[in-house]
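**Student:** Throughout the sequence shown, residue numbering follows our numbering, covering 8 to 156 in sequence.
Beta carbons: idealized from backbone N, C-alpha and C, even for Gly.
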Amino acid sequence: MKLEDAKPMHCHALASRLLAETRKIREEMGRQEDSRAIPEITGAEPREVYFEALVTWRKASRLASELGVETARPLTPTPALGNLLPGHVLDVLENVLALFGDIKDASRHQRAITVAPARDRSSAQRCARRPDPRQPRPVTRSRAPVHTV
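The following block contains the structure:
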């Protein structure tokens, strides 16, 4: 969609989808839902909506980096504040949606990798205390019990 063709309703629909994706990611990560109510906003200027979209992108990018997700999705340069269109907001929100996709893919991949547990504690300890074959072994002398008559 061209920048000029995007309407505020397109941005609202994508923002609603992002909210649903956020809930899915939160559930997968086992985090609690925010108890605060989602604010109702009316009459927002395009620059206000654009900067809120940027904040959302930064938070999603920070979450991705905390989880070790490699992302190479730079944002398009910010236009002059007087030239902001709903299409610019839509572009940022689409980047956030792509970041969420990367985060979900990485979390699925991490859950697929499992580490086999040690059979028991003593075998894990034996493996951890295995001597280095290049080092000489210490000489130990056993003491035989002394019998007195």
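In chain order, what residues of the same chain lie with their CB nearer than 7 angstroms to the CB of L82, ignoring the 5 residues before and after it?
**Tutor:** Within the same chain, L82 has close Cβ partners W64, V99 and N102.
**Student:** Taking 7 angstroms as the threshold (C-beta atoms), are I110 and A60 in contact?
**Tutor:** No; because the gap between Cβ atoms is not below 7 angstroms, this pair is not in contact.
**Student:** If you follow the alpha helix (DSSP H) that R65 is part of, which residue opens it and which one closes it?
**Tutor:** First-last of the alpha helix (DSSP H) with R65: P53 to E73.
**Student:** What would DSSP say about V99, mapped onto helix, strand or coil?
**Tutor:** Correct three-state label for V99: helix.
**Student:** Quick check on S42: does DSSP put it in helix, strand or coil?
**Tutor:** It is coil, neither helix nor strand.
**Student:** Three-state secondary structure (DSSP) at E35?
**Tutor:** Three-state result, E35: helix.
**Student:** Between D112, T29 and L97, which lies nearest to P15 when the distance is taken from Cα to Cα?
**Tutor:** Of D112, T29 and L97, the residue nearest in Cα terms is L97.
**Student:** How many angstroms separate the CA atom of K9 from the CA atom of G94?
**Tutor:** Near 7 angstroms, if we compare the C-alpha coordinates of G94 and K9.
**Student:** If distances are taken between C-alpha atoms only, which option among A113, I48, M36 and P84 comes closest to T78?
**Tutor:** It is A113 whose Cα lies nearest to the Cα of T78.
**Student:** Output the distance between the C-alpha atoms of A87 and G50, rounded to the nearest integer angstrom.
**Tutor:** Near 20 angstroms, if we compare the C-alpha coordinates of G50 and A87.
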